[in-house]
Structure formats: structure tokens, C-alpha cells
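Data first, discussion second: the structure below is written as C-alpha cells.
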Amino acid sequence: MLDQILDRNVDTNSKPMTREFFANVYSYMFAALAITGVIAWYMGSDIDNVIFMFNERGLSPMGYLVMFAPVLVVLAIQFGYSRLSMPVLLFLFVLYSVLLGVSLSSIFLIYSIGSIASTFFITAGTFGAMAVLGYTTKTDLSKFGSIMYMLFIGIFIASLVNMFMQSDSLSWIISFVGIFVFTGLTAWEMQRLKYIASDPSLDGASRSKLALIGGLQLYILFINLFLSLLRILGSRE
Numbered sequence: 347m348l349d350q351i352l353d354r355n356v357d358t359n360s361k362p363m364t365r366e367f368f369a370n371v372y373s374y375m376f377a378a379l380a381i382t383g384v385i386a387w388y389m390g391s392d393i394d395n396v397i398f399m400f401n402e403r404g405l406s407p408m409g410y411l412v413m414f415a416p417v418l419v420v421l422a423i424q425f426g427y428s429r430l431s432m433p434v435l436l437f438l439f440v441l442y443s444v445l446l447g448v449s450l451s452s453i454f455l456i457y458s459i460g461s462i463a464s465t466f467f468i469t470a471g472t473f474g475a476m477a478v479l480g481y482t483t484k485t486d487l488s489k490f491g492s493i494m495y496m497l498f499i500g501i502f503i504a505s506l507v508n509m510f511m512q513s514d515s516l517s518w519i520i521s522f523v524g525i526f527v528f529t530g531l532t533a534w535e536m537q538r539l540k541y542i543a544s545d546p547s548l549d550g551a552s553r554s555k556l557a558l559i560g561g562l563q564l565y566i567l568f569i570n571l572f573l574s575l576l577r578i579l580g581s582r583e
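According to my numbering, the sequence shown is numbered sequentially starting from 347.
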């Protein structure tokens with residue numbers, strides 16, 4: 347559906363409609379970041395809260411479940427949003443934010459609060475700059491986005507492999523490539539959302555769902571960019 351929308355000749359001067367759409371997109375994004383941040387901080391503030399995720403060999407079976415559960419939820423949202431009702435999508439969106447908060451709680455046990463905070467602000471600045479670039483550029487980023495998504499799939503597979511290899515060198519490579527990929531995808535996603543926002547043929551229900559999906563996409567990109575930067579810039583406890 348998203349690709350069909352992009353193929354239409356839409357009016358990119360529909361400013362009120364575009365502003366309302368992006369207000370909803372960023373509301374979802376910021377709400378998800380807040381939920382994830384609070385859950386991660388609470389769970390990571392005491393090792394007893396996260397001990398169930400680990401055993402003497404590393405991640406416990408419950409730990410693997412916590413790590414992969416968000417992936418299953420986001421796949422359900424991405425592939426089922428056209429059939430699911432808005433309340434169900436919103437529930438899955440909040441569930442994903444909570445689960446990701448639990449899975450990210452260990453960063454508060456690994457990195458200092460100061461480095462987490464400074465990396466967050468660096469991420470916010472980088473993300474904001476790329477979002478503005480993607481929204482304002484006249485260059486068609488569609489082919490660029492396709493390349494970035496192929497690289498993203500490569501990063502995802504490499505990250506899964508490295509969960510078992512535990513290679514510091516591979517982790518650094520993934521992090522540096524990830525910064526490039528996630529900043530590029532941010533610009534591409536913003537351009538795509540601009541065209542979706544200005545499509546006058548979308549009804550209210552479709553616009554609401556697409557705003558949620560857009561907020562989810564930007565939230566995921568922000569989190570991944572933050573984690574890539576944290577692995578490089580973060581000071582370990």
C-alpha cells in the first residue's frame with residue numbers, strides 16, 4: 347500500500363494536511379521513546395530486575411524470548427496493519443515499546459548514565475538533521491532507500507550471527523555501518539512520509555494508521571542509531 351501511495355501524483359503543497367499528519371507521526375514516535383526509556387531505566391536500575399534474562403552462559407531462554415519478542419510484534423504491525431483495527435495497532439505499538447524497553451534495560455548496567463545521556467543528545471541532533479534533509483531535499487531518494495534497506499538486512503543478519511560469535515571486531519564494524527545506514531534511512535523515510543502526508547485520496551482511517559506506522563518507523567531508526575553510536579561512544583561502567 348505504501349508503495350502505491352508513492353506512485354501517485356500527489357499535491358505536495360497540502361500544508362495543513364501535511365502538518366497534521368506529521369504532528370501525529372512525531373507524537374507516536376516521542377510517546378514510544380518515552381515508554382521505552384522509562385521501562386529500560388526502571389528495569390536497568392536494579393540488576394535483580396533483569397537477572398531472569400541471563401545465566402552463566404550469557405542470555406537465558408527467557409532472555410532470548412525478550413530479545414526476539416519485539417521483532418515478532420513489529421512484523422505483526424508491518425504486515426497486518428491494513429487488516430487490523432486502529433485500537434489493535436495501538437495496543438501492539440505500546441506493547442512493542444514496552445518489550446523493547448525491557449530488552450534494552452541492560453545498557454544501564456553496561457554504560458554510565460552520563461555516556462547514555464550524551465549519546466542520546468548526539469543521536470537526537472543527527473536524527474533531526476537527517477530528517478530535515480530528507481524532508482527538504484529535491485533529490486529522489488527511493489533508489490538510495492532500497493540500497494540502505496539491503497544493508498540493513500545485512501546488519502540484522504550479522505548482528506544475529508554475532509550474538510553467538512561475540513566478536514568485538516564484528517560488533518564495531520556493525521556499529522559503524524549502522525550509523526551510515528540508519529542516518530540514510532532516516533532521510534529516505536522522511537521523504538516517503540512527506541509524499542504520504544500530502545496524498546488527498548487517503549481517508550481518515552488510513553491516515554491514522556499510516557501516521558502510526560510512520561511514527562513506528564522513525565522510532566525504530568532512532569533507537570538503532572542510538573545503539574550504534576552508544577557502542578562506539580559509550581563509557582562502560
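Note that the Cβ used here is the ideal one computed from N, Cα and C, for glycine as well.
{"query": "Do you know how far the Cα of MET432 is from the Cα of ASP392?", "result": "35 Å"}
{"query": "In the DSSP output, what is GLY580 paired with across the bridge?", "result": "Looking at the DSSP assignment, GLY580 forms no beta bridge with any residue, so it has no partner."}
{"query": "What are the complete alpha helix (DSSP H) segments, minimum 4 residues, inside the stretch 478 to 551?", "result": "488 to 511, 514 to 543"}
{"query": "Between TYR410, MET413, LEU576, MET536, which has its C-alpha nearest THR482's C-alpha?", "result": "MET536"}
{"query": "For VAL412, which residues from the same chain have a beta carbon less than 8 Å from its beta carbon, with the 5 sequence-adjacent residues on both sides left out?", "result": "MET399, LEU445, VAL448, SER449"}
{"query": "Count the other CB atoms within 10 Å of the CB of GLY460; is the residue buried (16 or more) or exposed (fewer)?", "result": "exposed"}
{"query": "Within 10 angstroms of the Cβ of ASP357, are there 16 or more other Cβ atoms? Answer buried if so, exposed if not.", "result": "Reliability of the predicted coordinates at ASP357 is poor, the pLDDT of 49 falling under 50, and no value is obtained from them."}
{"query": "From the DSSP output, in three-state form, read off TYR442 for me.", "result": "helix"}
{"query": "Is MET568 buried or exposed, if buried means 16 or more other CB atoms sit within 10 Å of its CB?", "result": "Before going further, note that residue 568 is Phe rather than Met in the sequence given. With 16 or more other Cβ atoms within 10 Å, it is buried."}
{"query": "From ARG577, ASP545, LEU571, pick the residue whose C-alpha is nearest to that of ARG365; which is it?", "result": "ASP545"}
{"query": "Looking only at DSSP bridge pairs, what is TYR427 linked to?", "result": "DSSP, once it has assigned bridges, lists no residue as partnering TYR427."}
{"query": "Taking C-alpha atoms, which residue in TYR565, GLY550, THR469 lies nearest to VAL420?", "result": "TYR565"}
{"query": "Is it buried or exposed for ILE499, if we count other Cβ within 10 angstroms and need 16 for buried?", "result": "exposed"}
{"query": "With LEU398 as the anchor, note down where its alpha helix (DSSP H) starts and where it stops.", "result": "Residue identity differs from the one stated: residue 398 is Phe in this sequence, not Leu. Element bounds for PHE398: n/a, residue is neither H nor E."}
{"query": "Looking at the secondary structure, which residues open and close the alpha helix (DSSP H) in which TYR372 lies?", "result": "361 to 390"}
{"query": "Starting from the C-beta of PHE345, find all residues in its chain whose C-beta is less than 8 Å away, skip the five residues before and the five after it, and write them out in chain order.", "result": "The chain is shown only over 347 to 583; residue 345 falls outside these bounds and no answer can be derived."}
{"query": "Relative to the C-alpha of SER492, which candidate in VAL417, LEU556, TRP534, GLN563 has its C-alpha closest?", "result": "TRP534"}
{"query": "Could you tell me which residues DSSP puts in a beta bridge with LEU405?", "result": "PHE400"}
{"query": "Measuring alpha carbon to alpha carbon, tell me which of ARG582, ILE578, LEU575, ALA557 ends up nearest TYR374.", "result": "ALA557"}
{"query": "Residues in its own chain within less than 8 Å of PRO416 by CB, not counting five upstream and five downstream?", "result": "TYR442, LEU445, LEU446, SER449"}
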